[in-house]
Amino acid sequence: MRATGPSVVIIGAGIIGASAAYALQKAGARVTIVDAGGETATASSFGWINASFHHDAAHFRLREEGLAAWKRLGSKLDLPVSWRGTLCWEETGEALTAQHDQLCALGYAVREIDQAEFTSLEPHIAEPPVRALHFAAEASVDSIVATNALLDAAASLGAQRLRGLKVEEIMETKGRFAGIRTQAGITLADHVLIAAGTGTAALMTQAGVPMSMLRRPALVLRTRPVPPVLRHVLVSQFGELRQLGDGTLLMPAAVDHQGDSSETVTDSLEDTADQVLIRLRSLLPHLTLDWQELTLAFRPVPQDELPVIGAVAKGLHVACMHSGITLGALAGELVAQEMLEGVTNQSGALLAAYRPSRFAK
Ligand SMILES: Cc1cc2nc3c(=O)[nH]c(=O)nc-3n(C[C@H](O)[C@H](O)[C@H](O)COP(=O)(O)OP(=O)(O)OC[C@H]3O[C@@H](n4cnc5c(N)ncnc54)[C@H](O)[C@@H]3O)c2cc1C
Numbered sequence: 001m002r003a004t005g006p007s008v009v010i011i012g013a014g015i016i017g018a019s020a021a022y023a024l025q026k027a028g029a030r031v032t033i034v035d036a037g038g039e040t041a042t043a044s045s046f047g048w049i050n051a052s053f054h055h056d057a058a059h060f061r062l063r064e065e066g067l068a069a070w071k072r073l074g075s076k077l078d079l080p081v082s083w084r085g086t087l088c089w090e091e092t093g094e095a096l097t098a099q100h101d102q103l104c105a106l107g108y109a110v111r112e113i114d115q116a117e118f119t120s121l122e123p124h125i126a127e128p129p130v131r132a133l134h135f136a137a138e139a140s141v142d143s144i145v146a147t148n149a150l151l152d153a154a155a156s157l158g159a160q161r162l163r164g165l166k167v168e169e170i171m172e173t174k175g176r177f178a179g180i181r182t183q184a185g186i187t188l189a190d191h192v193l194i195a196a197g198t199g200t201a202a203l204m205t206q207a208g209v210p211m212s213m214l215r216r217p218a219l220v221l222r223t224r225p226v227p228p229v230l231r232h233v234l235v236s237q238f239g240e241l242r243q244l245g246d247g248t249l250l251m252p253a254a255v256d257h258q259g260d261s262s263e264t265v266t267d268s269l270e271d272t273a274d275q276v277l278i279r280l281r282s283l284l285p286h287l288t289l290d291w292q293e294l295t296l297a298f299r300p301v302p303q304d305e306l307p308v309i310g311a312v313a314k315g316l317h318v319a320c321m322h323s324g325i326t327l328g329a330l331a332g333e334l335v336a337q338e339m340l341e342g343v344t345n346q347s348g349a350l351l352a353a354y355r356p357s358r359f360a361k
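What the sequence shown shows, in our numbering, is residues 1 to 361, in sequence order.
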C-alpha cells in the first residue's frame, strides 16, 4: 500500500540518508532520496561500531544507544553486522588501566584480558600484548552493503531515488522550507533532511544557517585477500585493523584514526602504503601481504567534532556526524521520529548536546 504521510526529500544516500530513508518510509512518509553521486565517506569507512571511543559521558551514552539501534535494525533487516567485539591494546601500563576504569565507571562491557586469553582469541597476532581490553559489545559492518540494504528496503516500501543530481538550493516559501532545486528542476516536499556528509556545510549555509566543518582527509588501505586470520576489530599501537568477509585486511593509514586531526595528506602515496604494510607485517609477519587499494576519503566532521542532529528551521532538518557508522542506525531512527512526531523525551535527552542551534550562538 502506498504511504500517505508527509513527503520528505532526503539529500544524501550515504549511511545517514539511507538509514533515515528506511525509518521515515517505514513510518509512513513518502520519501525521495536525492544524491549527487561520487565518493562517499560511507564507502571508504573502516566500519567499526563502538562506544569505547567517545568525547564525554553524553557522547558515550549516544554511541552506546547507537549500538543498541544497530541491534534493533538487525532484527528487522538482514544486515552485514559482525558482533565479534574489539580487542584493544593501543595503551599500555597505567594508561590502559585508566581506560579500563573509565569505561567500567560508565557501565561499559569491558574486560581486561591477559596474553594467554588474547592468544586464544586471536592466535595469528605476533607478539601478543601482555594486557589488552576486550569490548564484547562492539561490532563492525560492511558499510556499503548495509547502506544499499537500507536503500533497497526503503525502495521496497515505496521510497524513490533521484541519482546523479546535486542539490543547488533548498527552497523556502512563506517562511518554511518546502523542497529542493537541482540542475534538473524543483522537487517540492513537506520536509527536507540534509544528510549530505561533507556537503552539509554548503547546504546549511545556502539555507541561511552557516555551519562550519573541519577538513579531515583520511587514507585507508586494503590488502589483497588473505586466508581468514582475524575475528575481532583490533586497536593496537600499530593502528586499527580488521578483516573483511572477502579476506582483505582493512587498515586506516593514520595510527589513531578516530582521533586523527590532519588537515592534509602530505606523504607520498607509495610511502603511506609502505608504512601501513610495515605495521601490518609487524602484527601478521607470517602472511604474504601486498596492498590492493588505497582510498582517499573525507570525514564529515562538524567544527566542534560532535554530531549535528535536529531541526534547523520549519521544514528543514539536518543529520551530519563523524562516527556515522556507529551512529547511523540511531540517527535514522531519531531523525525520522522527530520529523514526523516531534521531539520526544528520549530523543530530547539523547540529542540535547547535538542540536544545530548551537552554531547560531
Ligand atoms: C576513512 C574513514 C574511516 C571511518 N571509520 C569509521 C568507523 O570506523 N566508525 C564510524 O562510526 N565512522 C567512521 N567513519 C565516519 C563515517 O564513515 C561517516 O561519519 C559516515 O559514513 C557519514 O555518512 P553520511 O551519510 O553522513 O555521508 P556520506 O557517506 O559522505 O554521504 C553523503 C552523500 O551526500 C551526497 N551529497 C553531498 N552534497 C550533496 C548535494 N548538494 N546534493 C546532492 N547530494 C549531495 C554525497 O554525494 C554523498 O553521496 C570513517 C570515515 C572515513 C572517511
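Built from N, CA and C at the ideal position, the CB exists for glycine as well. This structure is a prediction, so every number in the text was calculated from the model and none was measured.
For SER236, the enclosing beta strand (DSSP E) begins and ends at 233–236. Annotation: SER323 is outside any alpha helix (DSSP H) and is labelled neither H nor E by DSSP. In the same chain as VAL226, and ignoring 5 residues on each side of it, the C-beta atoms closer than 6 Å to its own belong to GLY247 and LEU287, in chain order. Using a Cβ distance threshold of 8 Å, LEU165 and ALA184 count as a contacting pair. Runs of the beta strand (DSSP E) spanning 3 or more residues and lying entirely within the region 134–165 occur at 139–141 and 160–163, in chain order. Counting only residues of its own chain and dropping the five nearest sequence neighbours on each side, ALA155 has a CB closer than 8 Å to the CB of ARG161. Three or more beta-carbon pairs separated by less than 8 Å are not found between the region 195–211 and the region 277–295, which leaves the two stretches without contact.
In terms of side-chain proximity, the C-beta atom of CYS88 is found no nearer than 7 Å to any non-hydrogen atom of ligand 1. Close CB contacts of PHE298 within its chain, under the 6 Å cut and outside five residues either way in sequence, are with THR198 and PRO217 (chain order).
Per the coordinates, the alpha-carbon of LEU241 lies some 44 Å from the alpha-carbon of LEU188. With at least 16 other beta carbons inside 10 angstroms of its own, LEU330 counts as buried. Looking at the backbone, the Cα of GLU127 and that of SER52 are separated by about 24 Å. Taken in chain order, the complete alpha helix (DSSP H) segments of 4 residues or longer contained in the region 88–126 are 93–105 and 115–121. The C-beta distance from GLY5 to LEU316 rounds to 18 Å, too long to fall under 8 Å, and the pair is not in contact. Counting only the Cα atoms, PRO123 lies some 10 Å from ARG231. Non-local C-beta neighbours of PHE359 in its own chain, meaning closer than 6 Å and more than five positions away in sequence, comprise MET211, ordered along the chain. About 11 Å separates the beta carbon of VAL34 from that of VAL8, a gap too long to meet the 8 Å contact definition.
Annotation for THR32: SER7, VAL8, VAL9, ILE10, ALA159, GLN160, ARG161, LEU162, THR187 and ALA189 place their beta carbon closer than 8 Å to its own, counting only its chain and skipping 5 residues before and after. Boundaries cannot be given for GLY245, as no beta strand (DSSP E) includes it and DSSP labels it neither H nor E. Note that the region 11–23 touches the region 319–335; at least 3 beta-carbon pairs, one per stretch, sit closer than 8 Å.
In this chain, the beta strand (DSSP E) harbouring GLU172 covers 167–173. When VAL220, LEU221, ILE194 and ARG222 are compared, the shortest CA-CA separation from VAL209 is found for ILE194.
Contact between CYS104 and PHE135 is ruled out by a C-beta separation of about 12 Å, above the 8 Å threshold. The DSSP-derived three-state label of ASP35 is strand.
Its chain contains GLY14, ILE15, SER143 and THR147 as the residues whose beta carbon lies nearer than 6 Å to that of THR42, once the 5 sequence neighbours on both sides are disregarded; these appear in chain order. Taking one beta carbon from each stretch, the region 47–67 and the region 310–326 have 3 or more pairs nearer than 8 Å; the two touch. Separation of the CB atoms of GLY310 and VAL318 is rounded to 7 Å, and the pair is thereby assigned contact status at 8 Å. Under the criterion of beta carbons closer than 8 Å, SER44 and THR295 qualify as touching, at roughly 5 Å. Under the DSSP definition of a beta bridge, ARG176 partners with THR173.
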